[in-house]
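Residue numbers (my numbering): -12 to 340.
Cβ coordinates follow ideal geometry from the N, Cα and C atoms, glycine included.
Bear in mind the structure is a predicted one, so any value in this text is a computation, not a measurement.
First up is the structure itself, then whatever we jot down about it.
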Ligand code: NAP
Ligand code: ZN
């Protein structure tokens, strides 16, 4: 027992003691390195709206105290005896999950997020040994090497962090639905996910339209590569764009008038939801029938695809636009995300923890 204690890593964290409570600074122990683990010194961690849904327990099942954070960028500081992919000093990232069975058809296909045994989320989850997982609002984390990705040298660690969730969550459906030249894509909601989605869809060659509530973000949307921009607060937007899009990627954290958005799809068009409001959506089935339209959803992306996304971002100069904050500002940052008062992702400088 004493030996195990000795080899565990104490780390400072920001923790939420109960739903909606303010963050507290505290200390936790990270497990002793297993042969296939790496120890990461976290430099930056993004604030995803999912962190807020979880810390406020809006989706239910919250495990408290909770240490959120699944947009992790840092440096490897130790490796287990059998680690082959990483060495001390490597620049690495960790996203939304840290383990999966490795044997089911989805794991074998590189889509660990759909693991039939149950993927292990980076935080707010129980690992296969029954221990709670704690995320990236933390100085250090221990992760199995198969769930760690390499951050290309062309990407600074602070801007790379949001790609680990916002990046892969938008890249993956755009690839899955074969977005490229000749495709008309709408990005609904221009927040953390949406502003990265614009850049990916543009780099893939699609004609990109942004649907935001107001006109406030128009010039930045165009600078990210959008071809068109419309305000959804203007009812004329819906008549003007009727039947236009092959794909709509909905990144909105709240419920929308689904029928109104479906009416903007071409025949055979698809509305893909990545935004995850707590309450169920409603729609009229005729909105689908009349245009052979589909409603779909998409969950982050697998490890192989996450690496592909990071390499693609580095190659195409895709970087989230971030506001770096200190550990003391996280409660305030949550309130600002809820007011959509962020351009476009908060990233915690973990050295301030
Ligand atoms: P975010 O930064 O808060 O962006 C959400 C955007 O939605 C806002 O910027 C705003 O865009 C729009 N919006 C917010 N409230 C709205 C309302 N009441 N009506 C209409 N539009 C509204 O959040 P995020 O971090 O991008 O995350 C977005 C959602 O994706 C969250 O629900 C999150 O949990 C979910 N998510 C899902 C996955 C997945 O795997 N499926 C992964 C990560 C996150 P405008 O100001 O432009 O209108
Ligand atoms: Zn996220």
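Restricting to Cα atoms, I'd like to know which of the options is closest to residue i.
{"i": "residue 214", "options": "222, 78, 188", "result": "188"}
{"i": "residue 91", "options": "323, 301, 13, 106", "result": "106"}
{"i": "residue 65", "options": "131, 243, 37", "result": "131"}
{"i": "residue 81", "options": "94, 108, 103", "result": "108"}
{"i": "residue 209", "options": "219, 133, 186", "result": "186"}
{"i": "residue 160", "options": "149, 73, 254, 181", "result": "181"}
{"i": "residue 153", "options": "164, 166, 178", "result": "178"}
{"i": "residue 85", "options": "316, 288, 327, 320", "result": "288"}
{"i": "residue 199", "options": "235, 165, 74, 270", "result": "235"}
{"i": "residue 55", "options": "48, 68, 37", "result": "37"}
{"i": "residue 305", "options": "201, 191, 69", "result": "191"}
{"i": "residue 264", "options": "244, 256, 93, 255", "result": "244"}
{"i": "residue 284", "options": "193, 266, 260", "result": "260"}
{"i": "residue 88", "options": "75, 76, 103, 77", "result": "103"}
{"i": "residue 165", "options": "269, 257, 268", "result": "257"}
{"i": "residue 317", "options": "118, -3, 35", "result": "35"}
{"i": "residue 224", "options": "118, 239, 201", "result": "201"}
{"i": "residue 118", "options": "248, 241, 52", "result": "52"}
{"i": "residue 120", "options": "167, 193, 57", "result": "57"}
What does the Cβ neighbour count give for residue i, buried or exposed, with the cut at 16 atoms within 10 Å?
{"i": "residue 111", "result": "buried"}
{"i": "residue 7", "result": "exposed"}
{"i": "residue 46", "result": "exposed"}
{"i": "residue 10", "result": "buried"}
{"i": "residue 325", "result": "exposed"}
{"i": "residue 5", "result": "exposed"}
{"i": "residue 33", "result": "buried"}
{"i": "residue 220", "result": "exposed"}
{"i": "residue 371", "result": "Only positions -12 to 340 of the chain appear in this structure, which leaves residue 371 out of reach."}
{"i": "residue 211", "result": "buried"}
{"i": "residue 273", "result": "exposed"}
{"i": "residue 320", "result": "buried"}
{"i": "residue 149", "result": "buried"}
{"i": "residue 240", "result": "buried"}
Please work out which residues of its chain come closer than 7 Å, Cβ to Cβ, to residue i, disregarding the five sequence neighbours upstream and downstream, and give them in chain order.
{"i": "residue -11", "result": "Residue placement at residue -11 is flagged as unreliable, the pLDDT there being 40, under the threshold of 50; the coordinate-derived value follows with that caveat. The answer is none, since no qualifying residue turns up."}
{"i": "residue 301", "result": "139, 141, 142"}
{"i": "residue -9", "result": "Low per-residue confidence applies at residue -9: pLDDT is 43, beneath 50, and the placement is therefore not dependable enough to give any value."}
{"i": "residue 337", "result": "29, 30, 31, 32, 126"}
{"i": "residue 155", "result": "82, 287, 288, 292, 293, 296"}
{"i": "residue 303", "result": "190"}
{"i": "residue 327", "result": "178"}
{"i": "residue 269", "result": "245"}
If you follow the alpha helix (DSSP H) that residue i is part of, which residue opens it and which one closes it?
{"i": "residue 223", "result": "223 to 227"}
{"i": "residue 357", "result": "Coverage of the chain is limited to positions -12 through 340, which leaves residue 357 absent and any answer about it impossible."}
{"i": "residue 285", "result": "Segment: none, residue 285 is in no alpha helix (DSSP H) and carries neither H nor E."}
{"i": "residue 41", "result": "36 to 42"}
{"i": "residue 275", "result": "273 to 276"}
{"i": "residue 206", "result": "205 to 210"}
{"i": "residue 296", "result": "290 to 303"}
{"i": "residue 171", "result": "Here residue 171 belongs to no alpha helix (DSSP H); instead the beta strand (DSSP E) covers 171 to 175."}
{"i": "residue 145", "result": "144 to 147"}
{"i": "residue 155", "result": "153 to 163"}
{"i": "residue 246", "result": "245 to 249"}
{"i": "residue 95", "result": "92 to 95"}
{"i": "residue 325", "result": "317 to 325"}
What does a CB cutoff of less than 8 Å around residue i pick up in its chain, not counting 5 residues either side in sequence?
{"i": "residue 227", "result": "217"}
{"i": "residue -5", "result": "16, 17, 18, 19"}
{"i": "residue 340", "result": "-1, 0, 1, 12, 124, 125, 126, 314"}
{"i": "residue 27", "result": "59, 61, 62, 63, 64, 79, 81, 127, 128, 129, 130, 135"}
{"i": "residue 145", "result": "30, 31, 60, 309, 311, 334, 336"}
{"i": "residue 74", "result": "63, 66"}
The beta strand (DSSP E) that contains residue i, what's its start and end?
{"i": "residue 199", "result": "194 to 199"}
{"i": "residue 60", "result": "59 to 66"}
{"i": "residue 128", "result": "127 to 131"}
{"i": "residue 80", "result": "78 to 81"}
{"i": "residue 332", "result": "332 to 336"}
{"i": "residue -2", "result": "-4 to 2"}
{"i": "residue 258", "result": "252 to 260"}
{"i": "residue 25", "result": "24 to 33"}
{"i": "residue 13", "result": "11 to 17"}
{"i": "residue 115", "result": "From DSSP, residue 115 is part of no beta strand (DSSP E); its letter is neither H nor E."}
{"i": "residue 233", "result": "232 to 237"}
{"i": "residue 311", "result": "309 to 312"}
For residue i, which residues in the same chain have their Cβ closer than 6 Å to its Cβ, ignoring the five residues on either side in sequence?
{"i": "residue 286", "result": "100"}
{"i": "residue 329", "result": "323"}
{"i": "residue 230", "result": "253"}
{"i": "residue 271", "result": "246"}
{"i": "residue 174", "result": "181, 184, 185, 197, 236"}
{"i": "residue 97", "result": "289, 291"}
Quick check: the segment 19 to 28 against the segment 36 to 44, are at least 3 beta-carbon pairs closer than 8 Å?
no
Between the segment 325 to 337 and the segment 297 to 309, do three or more beta carbon pairs fall short of 8 Å?
They touch, by the three-pair rule.
For this session: Pair every Cβ in the segment 130 to 145 with every Cβ in the segment 286 to 304, then say whether three or more of these pairs are closer than 8 Å.
Result: yes
_Using a Cβ distance threshold of 8 Å, determine whether the segment 269 to 280 contacts the segment 188 to 207, with at least three qualifying pairs required._
no
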